[in-house]
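Novice: There's a structure below that I have some questions on.
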Amino acid sequence: MTLAADRLAPMANAIRALSMDAVQAANSGHPGMPMGMADVATVLFSKFLKFDPAQPKWADRDRFVLSAGHGSMLIYSLLHLTGYASPTMDDIRNFRQLGSVCAGHPENFLIEGVECTTGPLGQGLAMAVGMAMAERQLNATFGTDIVDHKTWVIAGDGCLMEGINHEAIGLAGTLKLGRLKVLWDNNKITIDGDTSLSTSEDIPARYRASGWDVFECDGHDFADIERALAEAAASDKPTLVSCKTVIGKGAPNKQGGHDVHGSALGDAEVAAAREYLGWTSAPFEVPAEILADWRSLGEKGAAAHAEWFGRLAASDKGEEFSRRMAGELPETDAIRAKLAEWLEGDSTVATRKASENWLNVLAPALPEMIGGSADLTGSNNTKAKCQEPFTPDNYGGRYVYYGIREFGMAAALNGMALHGGVIPYGGTFLIFSDYCRNAIRLSALQQTRAIYVLTHDSIGLGEDGPTHQPVEHVMSLRMIPNLYVFRPADVIETAECWNVALESQDTPSVLALTRQNLPQLRKTGDMLSARGAYTLRHAEADRKVIIVATGSEVELAVKVRAELESQGIGTDVVSMPCMELFAAQDEAYQHEILPNDGSILKVSIEAGVTMGWERYTAQSRNGGLNIGLDRFGASAPAKDLFARFGFTVEAIVPKILNKLSV
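Position one of the sequence shown corresponds to residue 549 (the numbering used here), numbered consecutively onward.
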């Protein structure tokens, strides 16, 4: 069914009406962008986008990303009008209210038709790069009959200004992601006013210089929009379409101005807009004939979906493709056997090297794993031997060279994970997690299986000095809800933490790994790291002390214990590779490991800030003891730094004895 322009105009006005009514009812929101991009979105959904409202998770659907997430009423209107089960009209009536899935910014875990959580500007577009990467990799693996779709993005001026945009478009251009199509809402307005207040760059020239095709159109001329989108769809390059629009189009007294960006129009202007648009329906009502035109688009998608499903069923690769898209791991007997073999070893390696060694076990067994690093492959040790580079000449490759683009990499990991069919991980130094922190936060919020390999995890990296020595980063990452922060103590814990991360479909993971070598401390036990903390060494004398440590400091805790035991002071050593997993255990297990006993001195040792450790040590003898580093490091060899800052047996034992004697 082809809809003529005279049918498209009232369809677009339905978006405008729902958007201004919802924002007005909430007295909160952003009506300008959805009203300005209503015409472009109508052409996209009616003539180009491949989707099936009855099956929002259809694997070969086109991905639609609203990067300008403040204009959330655009996507809520589109999903409702085209026949998705969610949101309902009641949800839209309750836009931005408690209990409505129509949150202020689109959230992927509330509505199936929302591909990713957007709002932090630029990240939607950057996640779309990851989606386009996943599409190409799966296409190379499974063929065009099963994987053949595009990723469409609506982005605003703010998305294109953010620094992450530069990282994302550079990566997309280098990888020649021709299935990525960005529709720029070029209305020349930001919250503060005209874009000329803050920018003068030639955005089309920047995109062309990055290897993109660029087209433009009048964003309110249906024929011109269709022409530009057809050119974009036909291009074999990532493509930007500059859609010249009027913000708040349809509000006669406010359109084109920055006041319509982020405020309700007001009752008088809503009434004026209704008259201007010729929209006579009551608030939150759509005429039957207009709704029928919108719903017909879903019927077209159902037919395309049925044809695809037939191809999938006939393919000898269909079962494997379905497994990967479901996020299910294959049988891993070989992985379990290798871990058992490692337990019998005596390996002394940096945990970054242990991670690489374990990747050489995991990657051949899990073909969905896609690795990479932000220009630190040789330092992060993130490339398995079996992984070939992911390039325009080899989209079947499973290793991405992201360049110095930490934020862009992190957002791409989110996009790949949200696309499905792949399990992405990426590496950089832990200190540079600050560059990608907001994307890590979105990993947690969106419940993605993205894995961050963050090496050089403490002053143990040595001579690079305090600019590269993370002291606050591990604890600050632990503050993010729904994020597993692993700091393994040896080769066995490193392998176990990798396994837990891979099994955690709805929780992203950070692996904080050392540069310096660490001895193997574990010879027994099955997946003890999965409980977050466990007793690594039990007291031999009458227990008076429990030392809790992570990462490289567990070795130190074991040495401190030996000295205390030699003095008749019974001491447990608890290794805590993941606070979050320990907090998820039942109280009985938590009290078994860290009993609520005021006669026992609890001591934490971690080469980072002490803030946060009091939750485990405060309820103990004399208020407990927290040994850490509440200052920046220094430039020197690692051994000298640990001695300088008191991470030695000679420095710690007297502190413990003093606490016991008080």
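The beta-carbon is built from N, C-alpha and C at its ideal position, and this holds for glycine as well.
Return the CA-CA distance between Gly805 and Gly619, expressed in angstroms with no decimal places.
Specialist: What you label residue 805 is simply residue 257 of the sequence shown in a count that begins at 1. What you label residue 619 is simply residue 71 of the sequence shown in a count that begins at 1. About 16 Å.
Novice: Would you call Leu1031 buried or exposed, if buried means 16 or more other Cβ atoms sit within 10 Å of its Cβ?
Specialist: Here residue 1031 refers to the residue found at position 483 of the sequence shown. With 16 or more Cβ atoms within 10 Å of its Cβ, Leu1031 is classed as buried.
Novice: Using 8 Å for Cβ pairs, my map puts Leu966 next to Met679. What's the rounded Cβ distance?
Specialist: For the purposes of this step, residue 966 is identified with residue 418 of the sequence shown, where counting begins at 1. For the purposes of this step, residue 679 is identified with residue 131 of the sequence shown, where counting begins at 1. That belief holds up - the Cβ atoms of Leu966 and Met679 are roughly 7 Å apart, short of 8 Å.
Novice: Decide yes or no for the touch test of the region 726-738 against the region 778-794: beta carbon pairs closer than 8 Å, at least 3 of them.
Specialist: yes
Novice: To the nearest angstrom, how far is the alpha carbon of Ala1049 from that of Ala553?
Specialist: Locating residue 1049 in the sequence shown gives position 501, counting from the first residue. Locating residue 553 in the sequence shown gives position 5, counting from the first residue. Those two C-alpha atoms are separated by around 51 Å.
Novice: So what's Asp1120 in DSSP terms, helix, strand or just coil?
Specialist: By 1-based counting over the sequence shown, the position of residue 1120 is 572. If DSSP states are grouped into helix, strand and coil, Asp1120 belongs with the strands.
Novice: Please report how far the alpha carbon of His1139 lies from the alpha carbon of Asp639, in whole angstroms.
Specialist: As a first step, residue 1139 must be located in the sequence shown, where it is residue number 591. As a first step, residue 639 must be located in the sequence shown, where it is residue number 91. Their Cα atoms are separated by approximately 44 Å.
Novice: Just how far apart, CA to CA, sit Gly956 and Val588?
Specialist: The residue labelled residue 956 in the question sits at position 408 within the sequence shown. The residue labelled residue 588 in the question sits at position 40 within the sequence shown. Taking the CA atoms as reference points, Gly956 sits about 27 Å from Val588.
Novice: Relative to the C-alpha of Ile623, which candidate in Arg1091, Gly670 and Ala560 has its C-alpha closest?
Specialist: In the sequence shown, counting from the first residue as 1, residue 623 sits at position 75. Looking only at Arg1091, Gly670 and Ala560, the smallest Cα-Cα distance to Ile623 is reached by Ala560.
Novice: With a threshold of 16 other CB atoms inside 10 Å of the CB of Val1106, please say whether the residue is buried or exposed.
Specialist: Reading the sequence shown from its first residue, position 558 is the one you call residue 1106. Per the 10 Å Cβ criterion, buried.
Novice: Quick check on DSSP: helix, strand or coil for Asp733?
Specialist: The sequence position of residue 733 within the sequence shown is 185, counting from 1. In this structure, Asp733 counts as strand in the three-state DSSP scheme.
Novice: Quick one: Cα of Ser1123 to Cα of Trp1161, how far?
Specialist: What you label residue 1123 is simply residue 575 of the sequence shown in a count that begins at 1. What you label residue 1161 is simply residue 613 of the sequence shown in a count that begins at 1. Cα to Cα, the separation comes out at about 14 Å.
Novice: Taking the CB atoms as reference points, tell me whether Leu910 and Phe593 lie closer together than 8 Å.
Specialist: As a first step, residue 910 is located in the sequence shown; it is residue number 362 there, counting from the start. As a first step, residue 593 is located in the sequence shown; it is residue number 45 there, counting from the start. Going by C-beta atoms, Leu910 is not nearer than 8 Å to Phe593.
Novice: What does the alpha-carbon distance come out to for the pair Ser921 and Pro878?
Specialist: On the sequence shown, position 373 is the one that residue 921 refers to. On the sequence shown, position 330 is the one that residue 878 refers to. In this structure, the straight-line span from the alpha carbon of Ser921 to that of Pro878 is close to 25 Å.
Novice: Check Val834 in the structure and name its three-state DSSP category.
Specialist: As a first step, residue 834 must be located in the sequence shown, where it is residue number 286. Note: Val834 maps to coil in three-state DSSP.
Novice: Just reading off the beta strand (DSSP E) that Thr699 is part of, what are its end residues?
Specialist: Counted from its first residue, the sequence shown places residue 699 at position 151. Start and end: Thr699 to Gly704.
Novice: Taking the alpha-carbon positions, what's the Glu1217 to Arg1169 distance?
Specialist: Only positions 549 to 1210 of the chain appear in this structure, which leaves residue 1217 out of reach.
Novice: Which term fits Asp750, buried or exposed, when burial requires 16 or more other beta carbons within 10 angstroms of its beta carbon?
Specialist: Indexing the sequence shown from 1 puts residue 750 at position 202. So Asp750 counts as exposed.
Novice: Closer than 8 Å is the cut-off here; do at least three beta carbon pairs connect the region 667-685 with the region 966-975?
Specialist: Enough Cβ pairs lie closer than 8 Å, so yes.
Novice: Counting pairs of Cβ atoms below 8 Å between the region 751-766 and the region 828-842, do you hit three or more?
Specialist: no
Novice: According to DSSP, which residues form a beta bridge with Val611?
Specialist: Taking the sequence shown and counting its residues from 1, one reaches residue 611 at position 63. The amino acid occupying residue 611 in the given sequence is Arg; Val does not appear at that position. Looking at the DSSP assignment, Arg611 forms a beta bridge with Thr699.
Novice: Please determine if the region 1013-1029 and the region 1165-1184 are in contact, where contact requires at least 3 C-beta pairs separated by less than 8 Å.
Specialist: yes
Novice: Could you tell me the alpha carbon to alpha carbon distance between Leu719 and Ala778, rounded to whole angstroms?
Specialist: Translated into the one-based positions of the sequence shown, residue 719 becomes position 171. Translated into the one-based positions of the sequence shown, residue 778 becomes position 230. When the Cα atoms are used, Leu719 and Ala778 turn out to be separated by approximately 24 Å.
Novice: Touching or not, the region 666-676 and the region 600-609, by the rule of three or more beta carbon pairs under 8 Å?
Specialist: no
Novice: Met1023 and Gly1080 - do their beta-carbons sit closer together than 8 Å?
Specialist: In the sequence shown, residue 1080 corresponds to position 532, counting from 1. In the sequence shown, residue 1023 corresponds to position 475, counting from 1. Contact flag unset, no.
Novice: Look at the Cβ atom of Thr665, then the Cβ atom of Leu990, and state whether they are nearer than 8 Å.
Specialist: Looking up residue 665 in the sequence shown gives position 117. Looking up residue 990 in the sequence shown gives position 442. Yes; because the gap between Cβ atoms is below 8 Å, this pair is in contact.
Novice: What residue ranges within the region 1010-1035 form continuous beta strand (DSSP E) runs of no fewer than 3 residues, ordered along the chain?
Specialist: List check, beta strand (DSSP E) in window: 1032-1034.
Novice: Determine the DSSP secondary structure at Asn642, reduced to helix, strand or coil.
Specialist: Reading the sequence shown from its first residue, position 94 is the one you call residue 642. It is coil, neither helix nor strand.
Novice: Among residues of its own chain, excluding the 5 on either side of Glu936, which ones have a beta-carbon nearer than 8 Å to its beta-carbon?
Specialist: Here residue 936 refers to the residue found at position 388 when the sequence shown is read from its first residue. The residues are Asn942, Gly944, Gly945, Arg946 and Tyr947.
Novice: Nearest-angstrom Cα distance between Ile999 and Ala1132?
Specialist: What you label residue 999 is simply residue 451 of the sequence shown in a count that begins at 1. What you label residue 1132 is simply residue 584 of the sequence shown in a count that begins at 1. Whole-angstrom Cα-Cα distance: 20 Å.
Novice: Is it true that the CB of Val613 sits closer than 8 Å to the CB of Val695?
Specialist: Your numbering for residue 695 matches position 147 in the sequence shown. Your numbering for residue 613 matches position 65 in the sequence shown. Val695 places its beta carbon 8 Å or farther from that of Val613.
Novice: Using a 10 Å radius around the Cβ and a threshold of 16 neighbouring Cβ atoms, would you call Arg843 buried or exposed?
Specialist: To locate residue 843, count along the sequence shown from 1; it is residue 295. Exposed.
Novice: Does at least one heavy atom of the ligand GTP sit under 7 Å from the Cβ of Glu1113?
Specialist: Here there are no bound small molecules, and the ligand GTP is not part of this structure.
Novice: Give me the Cα-Cα distance between Pro752 and Leu788, rounded to the nearest whole angstrom.
Specialist: What you label residue 752 is simply residue 204 of the sequence shown in a count that begins at 1. What you label residue 788 is simply residue 240 of the sequence shown in a count that begins at 1. Approximately 8 Å, taken between the alpha carbons.
Novice: For the beta strand (DSSP E) that Trp971 lies in, which residues bound it at each end?
Specialist: As a working mapping, residue 971 is identified with position 423 in the sequence shown. Note that residue 971 corresponds to Ile in the displayed sequence, not to Trp. Ile971 to Phe977 is the span of the beta strand (DSSP E), which, as asked, contains Ile971.
Novice: What does DSSP give as the partner residues of Leu1066 in its beta bridges?
Specialist: Residue numbering aside, residue 1066 sits at position 518 when the sequence shown is read from its first letter. Per DSSP, Val897.
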